[in-house]
Amino acid sequence: MARPREFDETAVLDAAVHQFWLYGYEATSVRDLAQSMGMTGASLYNAFGDKRSLFRKALAHYVAKSFGDRVSRFEQLPPRDAIVAFFDEIVARSISDEDRKGCLLINSALEVAPHDPEFQETIAGVLVEVEDFFRRCVSAGQRSGHISDDQSADDLARILLSTLLGIRVLARARPERALLTGLLRPVHALLGLQV
């Protein structure tokens with residue numbers, strides 16, 4: 002009979018996410034992970050496999066808690082409000098990030114995805130989900146007349162995705178409210194939003 006796990010999986014995954022988020026995949030050792038997770042190296046391997054397997058699980062955990070949670074909250078809003086609230090939260094998180102960690106998904110897209118086909122596919126899949134969220138909002142807003150239909154929903158969704166990526170990368174070096182909100186003003190104008 003298998004022994005029950007003697008740890009809180011959510012808590013240890015949160016600790017793993019924090020390590021990978023602060024230091025990146027390559028610079029994070031199994032020893033660092035085990036220490037931050039409050040586990041021995043053997044327990045970590047028994048529970049999660051190797052570092053790569055743990056990273057896969059930690060990244061999925063991060064995506065569910067950040068993007069998944071954000072979409073479930075904002076998709077219930079009117080489309081215009083959903084887009085504005087999404088970016089307001091991203092700017093607030095970016096400015097309050099004292100460690101300038103950025104976004105683990107985007108950091109991983111830059112560090113891991115170019116060299117690892119599996120993670121490239123995983124990360125690309127999440128970015129498609131983000132784009133799809135924006136497309137749903139834009140399409141609904143265009144149908145209701147609250148978002149401009151001068152551009153296609155596909156093109157506007159891609160602009161919103163690229164703006165999100167730009168904010169999260171730029172904020173690592175320059176987490177300045179005026180700069181980040183300034184990036185959004187032309188996007189709002191293109192969407193026909195008055196904010």
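Quick note: the sequence shown uses the working numbering, first residue 2, plus one each step. All C-beta atoms, glycine included, are put in the ideal place defined by N, C-alpha and C.
Helix, strand or coil at residue 119 [DSSP, three-state]: For the purposes of this step, residue 119 is taken as residue 118 along the sequence shown, with counting starting at 1. The DSSP-derived three-state label of residue 119 is helix.
Close beta carbons around residue 162, own chain, < 8 Å, minus the five adjacent residues each side: Counting from 1 along the sequence shown, the entry for residue 162 is found at position 161. Around residue 162, the same chain offers 128, 131, 132 and 135 as residues with beta carbons nearer than 8 Å, after the five sequence neighbours per side are excluded.
Beta-carbon proximity check, residue 34 vs residue 63, cutoff 7 Å: Against the sequence shown, residue 34 aligns to sequence position 33. Against the sequence shown, residue 63 aligns to sequence position 62. With contacts defined by Cβ atoms closer than 7 Å, residue 34 and residue 63 do not form a contacting pair.
Test item: CB-CB of residue 150 and residue 143 under 7 Å: What you label residue 150 is simply residue 149 of the sequence shown in a count that begins at 1. What you label residue 143 is simply residue 142 of the sequence shown in a count that begins at 1. Yes; because the gap between Cβ atoms is below 7 Å, this pair is in contact.
The stretch 75-92 contacting the stretch 182-196, beta-carbon criterion three pairs below 8 Å: Between the stretch 75-92 and the stretch 182-196, the count of C-beta pairs closer than 8 Å reaches three or more; the two stretches touch.
Residue 149 - DSSP class collapsed to helix/strand/coil: As a working note, residue 149 is residue 148 in the sequence shown. In the three-state reduction of the DSSP assignment, residue 149 falls in the coil class, being assigned neither a helical nor a strand state.
Residue 1 classed as buried or exposed, judged by whether at least 16 other C-beta atoms fall within 10 angstroms: Nothing about residue 1 can be read from this structure; the chain reaches only from 2 to 196.
Residue 45 (DSSP reduced to helix, strand or coil): Numbered from 1 along the sequence shown, position 44 holds the residue referred to as residue 45. Judged by DSSP in its simplified three-state form, residue 45 adopts helix.
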